[in-house]
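Peer 1: First the structure, then my questions, so here it is.
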Amino acid sequence: MTRAPIEFRQVWKKFHRGELHDSLRDLIPEATRRLLRGRPPLEQLERDEFWALRDVSFQVTPGEALGIIGPNGAGKTTILKLLTKILRPTVGECSVRGRVGALIEVAAGFHPDLTGRENVFLQGAIMGMRQAEIEAKFDQIVDFSGIPQFIDTQVKRYSSGMNARLGFAIAAHLDPDVLLIDEVLAVGDYNFQRKAFGRIEEMARRNIPVVIVSHQLERIAALCTKAILLDAGRVVKRGEPADCIAAYIAGQEVSTTENEGADAELARTVRLDSSRAILSGDRVRLRVAGTVDGLRPDEVADRQIMFTVRELQGGNVLFQTGTQRNDIEFPPSGPFEIALSLQMNVPAGMYGIDTTVWDGHRMKTSFQGPSLTIQVKESIPFRGSVQLNPELRIEAGSPVSSAESAADAGDLAEG
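In structure tokens, the structure reads:
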């Protein structure tokens, strides 16, 4: 059976907090004690030790892109350092087969006293490229970086953005067998970010295995075929990127729920009637199922189900509505379903749709209901916070004369 190009098998990795030994006098007795004790079992730590990864396993085959998400300190970058052999696992095995392209700290290998041109050759050599290969791709690299006029300037004169652009351009033209990416999807200005993202997307679709670590959740959703969610070094969820992103966001929220009895029955489940991934400007359709049970008629009249749309990346609330605001009344008792349709006139990205039960008598949320995650893909390219579905038309023919224009303007004024 052919092994996957990227494999992580039951990997544990621990680190020391601070310096354990600061002299040979301390090191010799400590080493002797460890030899006498033997190897400690898993989960057992010595003084000032902690587990950065705990029993992590995954594999990535050609054509797959794995997204790794989680809070700071979850172990994401440790995984990439193990894959690039900067670190070794404490327990378990990890392997990468083929030429590795690592987009990690893209400008870390630059020498400040060398020019951009010289650093292209230096960085390319560090990444395993032959001189002839660098020469053949030099013009492409410089053109992609967008700073050809500064290529013969010492990089210590570069801004941080210029450093990142040149470093990314070198790494992105390596043509690897395996691609590892760590938080480089936000280098440079807006236009360069779009170009960098397009380049990574192109590389990821060339049937090579890809591992991406990023806090840009919409990029994970757009690029990856599967994902894992890490927390404190453990895999807490794996599967579809949208499901892992939803679990990540839900885990970061603090529930305001106080009464989960009868109010919880009002919003038991939510499901999509449309696809989880839609184009900007299209409608998303969902249904919320619930039951009126255990509430008095006056309590039912006080309740409404609220729907909140927010950005997953920043958490900003974009839109909110509710059943009472749309003149929807619950039945006096028994099951019901609410059908909701929303036109997602928003930029491409990841969005959450949350349900809550609002108690109008106490003026507070009484139940935090189920949520959905939606991926909006780009349709008509635009900038801004809303999608206005532009309609443009060009008409062939001679331009209108100034006299005709003035006459038309007069007609409009009279009308």
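To get the numbering used here, take the position in the sequence shown, counting from 1, and add 214.
All C-beta atoms in this analysis are idealised placements derived from N, C-alpha and C, irrespective of residue type, glycine included.
Model, not experiment: these values are computed from the prediction.
1. In three-state DSSP terms, what is residue 229?
2. Going by Cα to Cα distance, which pick from 584, 461, 332 is closest to residue 285?
3. Hey, how far is the Cα of residue 631 from the Cα of residue 502?
4. Can residue 422 and residue 395 be called in contact, C-beta distance under 7 Å?
5. Since residue 587 and residue 564 are thought to touch, with beta carbons under 8 Å apart, how far apart are those beta carbons, to the nearest angstrom?
6. Does the region 514-527 come into contact with the region 563-580, if we say contact requires no fewer than three beta-carbon pairs (one atom in each stretch) closer than 8 Å?
7. Using a Cβ-Cβ cutoff of less than 8 Å, which residues in the same chain neighbour residue 562 once the five nearest sequence positions on both sides are dropped?
8. Quick check: the Cα distance between residue 295 and residue 489, rounded to an integer number of angstroms?
9. Along the chain, which unbroken stretches of the alpha helix (DSSP H) at least 4 residues long are found entirely within the region 362-446?
10. Which residues share a DSSP beta bridge with residue 586?
11. Report the residue from 524, 516, 549 whose alpha carbon sits nearest the alpha carbon of residue 178.
12. Evaluate residue 430 with the Cβ neighbour count: other Cβ atoms within 10 Å of its Cβ, from every protein chain shown; 16 or more gives buried, anything less gives exposed.
13. Taking 8 Å as the threshold, find out whether the region 438-449 comes into contact with the region 273-287 through three or more Cβ pairs.
14. Quick check: residue 314 and residue 362, are their CB atoms within less than 7 Å of each other?
15. Keeping to the same chain, check which residues put their C-beta closer than 7 Å to that of residue 272; ignore five residues upstream and five downstream.
16. Measure the beta-carbon distance from residue 299 to residue 266 and round it to whole angstroms, keeping in mind my assumption that it falls under 8 Å.
17. So what does DSSP say about residue 300, is it helix, strand or coil?
18. State the Cα-Cα distance for the pair residue 581 and residue 292, rounded to the nearest angstrom.
19. Could you tell me the alpha carbon to alpha carbon distance between residue 218 and residue 595, rounded to whole angstroms?
20. Write down every uninterrupted run of the beta strand (DSSP E) in the region 486-538 whose length is 3 residues or greater and which is fully enclosed by it, in chain order.
21. For residue 275, name the three-state secondary structure that DSSP assigns.
22. Quick one: grab the DSSP three-state call for residue 262.
23. Quick check: is any heavy atom of the ligand GTP less than 6 Å from the C-beta of residue 307?
24. Quick one: grab the DSSP three-state call for residue 238.
25. Just curious, the alpha helix (DSSP H) that residue 480 is in, first and last residue?
26. To the nearest angstrom, how far is the alpha carbon of residue 531 from that of residue 500?
27. Could you give the residue range of the alpha helix (DSSP H) that holds residue 550?
28. Taking DSSP as the reference, what is the three-state secondary structure of residue 306?
29. Checking 7 Å against the spacing of the C-beta atoms, do residue 406 and residue 379 come in under that value?
30. For the beta strand (DSSP E) that residue 288 lies in, which residues bound it at each end?
31. Hey, how far is the Cα of residue 597 from the Cα of residue 604?
32. Is residue 486 closer than 7 Å to residue 504 when the C-beta atoms are compared?
33. Mind reading off the beta-carbon distance from residue 268 to residue 448? Whole number of angstroms is fine, and I expect it under 8 Å.
Peer 2: Reading from the atomic positions:
1. strand
2. 461
3. Past the boundaries of the shown model lies residue 631; the chain is included only from 215 to 629, so the question cannot be answered.
4. no
5. 6 Å
6. yes
7. 432, 436, 494, 590, 591, 592
8. 36 Å
9. 374-386, 404-418, 431-437
10. 567
11. Because the chain in this structure spans residues 215 to 629, residue 178 falls outside the shown range and cannot be described.
12. buried
13. yes
14. no
15. 222, 280, 442
16. Rounded, the Cβ-Cβ distance is 16 Å, inconsistent with contact.
17. coil
18. 38 Å
19. 37 Å
20. 491-493, 497-506, 517-525, 531-536
21. coil
22. coil
23. In terms of ligand content, the structure shown is empty, and the ligand GTP therefore cannot be addressed.
24. Confidence at residue 238 is low in this model, with a pLDDT of 49, below 50, so its placement is unreliable and no value can be given for it.
25. 476-480
26. 19 Å
27. Careful: residue 550 lies outside any alpha helix (DSSP H), inside the beta strand (DSSP E) at 548-557.
28. strand
29. yes
30. Looking at the DSSP string, residue 288 is not in any beta strand (DSSP E), and its letter there is neither H nor E.
31. 12 Å
32. no
33. 5 Å
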